[in-house]
Amino acid sequence: MKKASKPLLNTRLSAQSSKDLLEDRREKATTRYPFHEISEHLDVKISPRAKRMALRVDAKDGSVKLVIPKRASIRSAYEFALKNAYWIKDRVAEMPEAIAFDHGTVIPVLGKNRKISIDYNSTLKRTSIILKNNEIIVSTNKEDPSSRIKRFLIDLAKKELTALAHLKAEMADRTIDRVDVKDTTSRWGSCSHDGRISFSWRLIFAPMEAMDYVVAHEVAHLVHLDHSPNFWRVCEQLSNQYHKGHRWMKKNGAQLMRYGA
Ligand SMILES: [Zn+2]
């Protein structure tokens with residue numbers, strides 16, 4: 064049986080390289096069709112895993128992704144996009160505008176509107192950022208400190224979410240192993256059975272009751288891993304405005320994606 068392994072490996076190798084070649088050709092084929100005329104925000108992707116042609120809104124970069132299964136023809140993908148041109152335009156039009164971390168921009172942080180104030184000074188050795196009342200004061204030697212501001216907000220989110228999660232875990236008589244923050248697109252929080260909780264750092268831009276609700280939700284999963292009536296009862300005990308917070312997240316959650324783009 065062992066002898067067969069070599070030729071098998073060879074066939075797989077040649078199949079691999081011709082597959083790469085094919086994918087290369089297909090990638091080029093997408094440029095033969097004027098996808099960009101349908102919408103300049105349309106992003107064409109050939110996916111080896113996708114089973115069906117699909118259009119997906121990506122609030123993070125303000126694009127609509129056209130996912131083409133490996134086996135589908137580019138022509139049929141173009142026709143599919145063309146047929147859905149109005150749908151694509153509508154989705155792009157209703158997408159909230161991205162908000163960059165620029166000087167003078169007002170962003171909600173921990174339930175309060177704060178103005179970003181950037182003080183540029185080339186002689187400074189490093190960037191320092193402080194949150195002071197209604198301002199985020201940035202002293203920097205960088206011409207574009209936006210990535211530093213983002214880092215600062217991620218750290219702040221981690222600190223606040225961790226403290227809140229531990230507080231609620233204590234109320235629920237549970238312990239948390241660790242709290243992480245991530246840049247997730249589809250989930251605001253997750254909880255594993257071994258007591259690890261993670262949150263989207265973008266919750267820092269949500270009103271306090273919404274952030275409180277998401278934390279209560281994940282901590283309540285330490286008690287019940289399902290979404291049973293018992294789970295919701297714990298949720299309610301852990302967050303006194305959880306209905307309001309839940310509603311806000313459902314209605315406005317996607318808006319949190321536009322900050323710092
Ligand atoms: Zn849940």
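Quick note, the working numbering runs 63 ahead of the 1-based positions in the sequence shown. Even glycine gets a Cβ: it sits at the ideal position worked out from N, Cα and C.
Where does residue i land, buried or exposed, given buried means 16+ other C-beta within 10 angstroms?
i, result
"V127", "buried"
"W264", "buried"
"G323", "buried"
"Y305", "buried"
"Y149", "exposed"
"K314", "exposed"
"L285", "buried"
"R259", "exposed"
"L105", "buried"
"P208", "buried"
"H99", "exposed"
"R198", "The question names Arg, but residue 198 in the sequence shown is Glu. So E198 counts as exposed."
"L301", "buried"
"H256", "exposed"
"D153", "exposed"
"K231", "buried"
"H166", "exposed"
"H290", "exposed"
For the beta strand (DSSP E) that residue i lies in, which residues bound it at each end?
i, result
"P132", "126-132"
"L105", "105-110"
"K195", "191-195"
"P171", "169-172"
"R241", "241-245"
"G252", "252-254"
"K178", "175-183"
What separation, rounded to the nearest whole angstrom, lies between the Cα atoms of residue i and residue j?
i, j, result
"L216", "I267", "8 Å"
"A117", "N147", "11 Å"
"L72", "A144", "Low confidence applies to L72: its pLDDT is 41, below 50, so where it sits in the model is not reliable enough to give any reading."
"E90", "F164", "34 Å"
"N303", "L219", "23 Å"
"H309", "S185", "45 Å"
"A226", "V155", "37 Å"
"S102", "L129", "11 Å"
"T168", "S210", "15 Å"
"V278", "G125", "27 Å"
"P159", "A317", "9 Å"
"P111", "Y183", "46 Å"
"R321", "A122", "7 Å"
"A67", "S249", "Only weak support exists for where A67 lies, its pLDDT of 39 falling under 50; the value from the coordinates is given anyway. The alpha-carbon atoms of A67 and S249 are separated by roughly 45 Å."
"M312", "R88", "43 Å"
"P132", "S253", "29 Å"
"S136", "L319", "36 Å"
The alpha helix (DSSP H) that contains residue i, what's its start and end?
i, result
"I101", "98-101"
"L227", "209-234"
"V297", "292-301"
"E142", "137-146"
If you measure from the beta carbon of residue i to each beta carbon in chain D, is any gap under 7 Å?
i, result
"E281", "The structure shown contains no chain D; it is built from a single protein chain."
Counting Cβ pairs, one atom from each stretch, are 3 or more of them under 8 Å apart for the region 234-250 and the region 176-196? no
Pairs of beta-carbons, one from the region 173-183 and one from the region 122-142, closer than 8 Å: are there three or more? no
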